[in-house]
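Accompanying notes for the structure given below.
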Amino acid sequence: MDPVKDPIDWAGVWAATASALDRHRVAGLEALLTEDVLRFAAVCELVEASVAPVRLEAEWRRPGVPDSVDLVVTGPTPAAVEFKFPREPRETNAAWTQHLGEALKDFYRLAHMPSGFVDRWCVQLLSARVRRYFDGVAQRHGVAFGLRPGEVTELDPARVRTLPATAQRGLGRWLTDLPPVHARCEAVHPTGEDLRLVTHRVSPVS
1 MDPVKDPIDW AGVWAATASA LDRHRVAGLE ALLTEDVLRF AAVCELVEAS VAPVRLEAEW
61 RRPGVPDSVD LVVTGPTPAA VEFKFPREPR ETNAAWTQHL GEALKDFYRL AHMPSGFVDR
121 WCVQLLSARV RRYFDGVAQR HGVAFGLRPG EVTELDPARV RTLPATAQRG LGRWLTDLPP
181 VHARCEAVHP TGEDLRLVTH RVSPVS
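Numbering (the numbering used here), first residue to last: 1 to 206.
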């Protein structure tokens, strides 16, 4: 295995990750899927794509920043990946605004990664209920996630500031000088009838 093989076939990695998750579903394990399972499935597919394990680092941190990045791939073309799987086991009292805030935070964190990070991926495993909720946020506040291939996520500062306080809470370290953030949905992979693996390529802040 070449420890510095690049470039990574990200499209193939995400398609294979979705297939791996679907195999878990077929085996009757869908109720046990978690964000950590999603990340580990992606790690396994990166290794299958000849990315050496020594290049993979979970919960990557840098000095002066309080939170971590879910997965970093080191090497000639460093990459950062945030994973999100907002599970809702209950039909009532769903923490929708908290889910929204966590999703927003992933985009801002990736957009503010050091300039050496060539690839910045936000990877979301979303149920139909969550997708409908996000569509409703777009209608009410004009803050839209691109959830179909080719669609863009444009986080306009003025519109983000109209969101409920619980959704903005996680953006504390960016709120004083909130920048616009841009991302593009590269692919959507079905995982069973309900779940979709949505992959966004996030642009660095200018």
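We put the CB at the ideal spot given by N, CA and C, even for glycine.
When secondary structure is reduced to three states using DSSP, LEU46 falls in the helix class. In the structure shown, the three-state DSSP call for ASP135 is helix. Your pair THR199 and GLU186 checks out as a contact, with CB atoms roughly 5 angstroms apart and the cut at 8 angstroms. Look at VAL81 here: in three-state DSSP terms it is strand. Contact check for LEU163 against VAL137 passes: the beta carbons are separated by less than 9 angstroms. Put simply, of TRP14, PRO179 and VAL47 the residue whose alpha carbon is nearest the alpha carbon of ALA111 is PRO179. ALA42 and VAL123 do touch by the CB rule: their CB atoms are close to 7 angstroms apart, below 8 angstroms. Excluding sequence positions up to five before and after GLU59, its CB lies within less than 6 angstroms of the CB of SER68, all in the same chain and listed in chain order.
Looking at the backbone, the Cα of ASP22 and that of ARG201 are separated by about 23 angstroms.
When rounded, the separation of the alpha-carbon atoms in ASP177 and TYR108 is 12 angstroms. Comparing alpha-carbon positions, the option among VAL143, LEU71, LEU171 and ARG129 lying closest to VAL37 turns out to be LEU71. Within the model, the alpha-carbon separation for ILE8 versus PRO190 is close to 22 angstroms.
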